[in-house]
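Peer 1: Sequence positions in the sequence shown follow the UniProt record's numbering and run 1 to 249.
C-beta: ideal position from N, C-alpha, C; glycine also.
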Amino acid sequence: MKRKVYFLFLIVLVSGCIFDKPNENSDIKNDKNEEVKKDSENDSKDTKDLNNDKENEVTIDAEKENKYIINLEQSVQENGYYCVPACVQMILKLHGIEMSQTQLAQEMNTSSITGTEYVDLARVLNKYRFNNEHPSDGEAGYRVCTLDVGVWNDEAFRLLEERIKANIASNDPVLIAINLQTLYPELPNANHQVLLTGYTLDENGNIMSYYIVDPYYEVQDETYKGLKIFDKNIIYQAFTDNVEPAYIW
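(1) How would you label N153, buried or exposed, when you count the other beta carbons within 10 angstroms and need 16 or more for buried?
(2) Take S75 as the anchor and find which of Q89, Y68, P135, R129 has the nearest alpha-carbon.
(3) Give the secondary structure of I248 by DSSP, where H, G and I count as helix, E and B as strand, and everything else as coil.
(4) Closest to A190 by CA distance: which of G226, K228, E244 is it?
(5) Give every residue of the same chain whose Cβ lies closer than 7 Å to the Cβ of Y247, excluding the five residues on either side of it in the sequence, and list them in chain order.
(6) Can you give the Cα-Cα distance for V149 and E73, rounded to whole angstroms?
(7) DSSP on E162, reduced to helix/strand/coil?
(8) Let me check one thing: in DSSP terms, what residues is D231 bridge-paired to?
(9) When you compare the CB positions of M108 and T114, do they come within less than 8 Å of one another, or not?
(10) Buried or exposed for S40, please, with buried defined as at least 16 other CB atoms from any protein chain shown within 10 angstroms of its CB.
(11) If you run the structure through DSSP and keep just helix, strand and coil, what is Y199?
(12) Measuring only from the beta carbon, is T182 closer than 7 Å to any heavy atom that is part of the ligand NAP?
(13) Per DSSP, G141 is paired with what?
(14) Nearest CA to the CA of residue 250: which residue from E155, H134, K93, V219?
(15) In its own chain, which residues sit with a C-beta less than 8 Å from the C-beta of T102, not counting the 5 before and 5 after it?
(16) If residue 255 and Y199 are in contact, beta carbons under 8 Å, what's the gap, nearest whole angstrom?
(17) Do you know offhand how far Y81's Cα is from Y217's?
(18) Kindly identify the DSSP beta-bridge partner or partners of E78.
(19) How would you label I97, buried or exposed, when you count the other beta carbons within 10 angstroms and need 16 or more for buried?
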């Protein structure tokens, strides 16, 4: 994929999902109030599953207030190419809108061959979340940001972090397209969609790590399902390793 940097425009890209055959390098493109609470636990910078007290509940440190996250009801994708429908389903349910993955897949033209195009993802998500399929500049709504492979840089990550903080504050998770194998070395290289639902800060206010909810059935655990925490540099590496770097914010 050879294109220049686009930050504020919807670009038509194919979002696929993991197919059931694990050796296939398939594309994975593929008002509930936000509950932000406090506790005294410290975060680990290491990639690991969460160890909070309650399932799907992550808190803000009582003293440093360095942890911010959106709590939502998780979904597991119903087949190998429904990662995008599952992610959109979770966002809509967060805002009191019930949609099945099949309904969403139909509206987003999701295909077992081509997955889901980013422009269709944003269009359908905006239709139900903001009652506006094609928001103009200045209007509320999700946008697609894509970059050429290998051109992620400090400025791109700075802008990404600003957008993540704004989305988490407005109770709107960010959808990110990552390389599956970067997050889970035992799995194949594949372009996968997950929800970025929160972050932690150091004492200087810099992002240290990200919380994601992953809908892929192969990475669910018994306690926290798809809710996980990764060092921010691993998430950024997963962007960089992806064949079509993109996020929808």
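Peer 2: Taking the coordinates as given:
(1) Against the sequence shown, residue 153 aligns to sequence position 153. It is exposed - the Cβ of N153 has fewer than 16 other Cβ atoms within 10 Å.
(2) For the purposes of this step, residue 75 is taken as residue 75 along the sequence shown, with counting starting at 1. Minimum Cα distance to S75 is reached at Q89.
(3) On the sequence shown, residue 248 is found 248 positions in, with the first residue counted as 1. Here I248 sits in strand by DSSP.
(4) Here the question's residue 190 lines up with position 190 in the sequence shown. Checked all of G226, K228, E244; the closest Cα to A190 is E244.
(5) As a first step, residue 247 is located in the sequence shown; it is residue number 247 there, counting from the start. Sequence-distant partners of Y247 (beyond 5 residues in either direction) whose C-beta falls short of 7 Å from its own C-beta, in its chain, are C145, L160, V174, L175, I176, A177.
(6) As a working note, residue 149 is residue 149 in the sequence shown. As a working note, residue 73 is residue 73 in the sequence shown. Rounded to whole angstroms, V149 to E73 spans 33 Å at the Cα level.
(7) Locating residue 162 in the sequence shown gives position 162, counting from the first residue. Helix.
(8) Here residue 231 refers to the residue found at position 231 of the sequence shown. Bridge partners of D231: S209.
(9) Locating residue 108 in the sequence shown gives position 108, counting from the first residue. Locating residue 114 in the sequence shown gives position 114, counting from the first residue. It is not a contact, given that the beta carbons lie outside the stated cut-off.
(10) Position 40 of the sequence shown, counting from 1, holds the residue named residue 40. Only weak support is given to the placement of S40: the predicted model assigns it a pLDDT of 36, under 50, and the value that follows is read from those uncertain coordinates. By the 10 Å Cβ count, S40 comes out exposed.
(11) Taking the first residue of the sequence shown as 1, we reach residue 199 at position 199. Three-state result, Y199: strand.
(12) As for the ligand NAP, it is missing from this structure, which has no ligand bound.
(13) Sequence index remark: in the sequence shown, residue 141 carries index 141 (1-based). As far as DSSP is concerned, G141 takes part in no beta bridge.
(14) In this structure the chain extends from 1 to 249, so residue 250 is not present and cannot be described.
(15) Mapped onto the sequence shown, residue 102 falls at position 102. Closer than 8 Å at the Cβ level, and outside the excluded window around T102, lie E78, P85.
(16) Nothing can be reported for residue 255: it is not among the residues displayed for the chain, which extend from 1 to 249.
(17) Residue numbering aside, residue 81 sits at position 81 when the sequence shown is read from its first letter. Residue numbering aside, residue 217 sits at position 217 when the sequence shown is read from its first letter. Our two residues, Y81 and Y217, have alpha carbons roughly 11 Å apart in a direct line.
(18) The residue given as residue 78 occupies position 78 in the sequence shown. Bridge pairing for E78: absent [DSSP].
(19) Your numbering for residue 97 matches position 97 in the sequence shown. Exposed.
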